[in-house]
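Chemist: Numbering (mature numbering (1 follows the signal peptide of the UniProt record, and there is no 0)), first residue to last: -19 to -1, 1 to 289.
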């Protein structure tokens, strides 16, 4: 049995500031291919590789803790409101994509960088297997395992043609789980994988917006959201996507560079701004934390739908 059954990269051959979805693309082009999606409860397991500050860890953990609808009257719009667009991504039985996303209590850290500071995709799978073998993480069929790499860690194809990926992996015979990667782009490619919080690497110039949590970590959150949407709606390459199965346009990658109404190349769209701190964002998360999340292809309207 091969270790990696499927591999899907979030193809960002052009920086987000240059890529712009043609909203005239019809929903009939964005099709369901009769395969699995993730419709049941999901547990998120985080593997931290390299050095992350407590502040950065807190921001990313807060993002994943923001998917359940708030119990108190929330500030609007919320992460759960943003995620609700995925409910139209149904399977043959009419089941929508899952709303039950839970950040698991167990996490794994490899601060010493046991596999070095230049990783292949296979190394990322090895990290997850090692964490499970050691008992640091459980083998959970309902799990999505994110490997998060620090700013000084290079990963195969990261910053070159993608900002992250998700993978359908058979860790043991007959047990497949989703393994995904997102890295901190602050040192390597902020203009590609953290735009609009950094000046674009290419394309129309424009000022960098002020990031609420830091350029690197907010870039990671944008890409975590992108990977999460793809992993849930197209986990094994036979779910919802448009185009080539091996290089699909998925729920968010179909809408690159769009974060608010009126977006165009070099302009992310209308966003919210905190008058005091001047940070730009479009959703509120757990505890009122601010995030910027990308637009999702809305199957109902046939357009890219932003949160704000």
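We put the CB at the ideal spot given by N, CA and C, even for glycine.
Just so we're clear, the structure is a prediction, and the values are computed from it rather than from any experiment.
(1) Measure the alpha-carbon distance for residue 149 versus residue 106 and round it to whole angstroms.
(2) Could you check which residue in 58, 225, 42 has the C-alpha nearest to that of residue 87?
(3) Residue 28: buried (16+ other C-beta within 10 angstroms of its C-beta) or exposed?
(4) Should residue 37 go down as buried or exposed, given a rule of 16 or more other Cβ atoms within 10 Å for buried?
(5) Among the candidates 288, 52, 238, 264, whose CA atom is the shortest distance from the CA of residue 175?
(6) With DSSP collapsed to three states, give me the class of residue 157.
(7) Cα separation between residue 91 and residue 32?
(8) Within 10 Å of its beta-carbon, does residue 57 have 16 or more other beta-carbons around it, so buried, or fewer, so exposed?
(9) With a cut-off of 8 angstroms on the beta carbons, I'd call residue 234 and residue 211 a contact; round off their distance for me.
(10) At the level of alpha carbons, what is the spacing between residue 249 and residue 114?
(11) List the whole-angstrom C-beta distance separating residue 278 from residue 232, where the pair is believed to meet the contact cut-off of C-beta under 8 angstroms.
(12) Looking at the structure shown, is residue 180 part of a helix, part of a strand, or coil, going by DSSP?
Modeler: Checking against the coordinates, here is how it stands:
(1) Straight-line Cα distance between these residues: approximately 10 angstroms.
(2) Residue 42 is the option with its Cα nearest to residue 87.
(3) Residue 28 should be labelled buried.
(4) With a 10 Å radius around the Cβ and a threshold of 16 neighbouring Cβ atoms, residue 37 comes out buried.
(5) Of the candidates 288, 52, 238, 264, 238 places its Cα closest to the Cα of residue 175.
(6) In the three-state reduction of the DSSP assignment, residue 157 falls in the strand class.
(7) Those two C-alpha atoms are separated by around 8 angstroms.
(8) Residue 57 should be labelled exposed.
(9) Rounded, the Cβ-Cβ distance is 7 angstroms, consistent with contact.
(10) Whole-angstrom Cα-Cα distance: 43 angstroms.
(11) Approximately 6 angstroms separates the beta-carbon atoms of residue 278 and residue 232; this is inside 8 angstroms, confirming the contact.
(12) Residue state, collapsed to three classes: coil.
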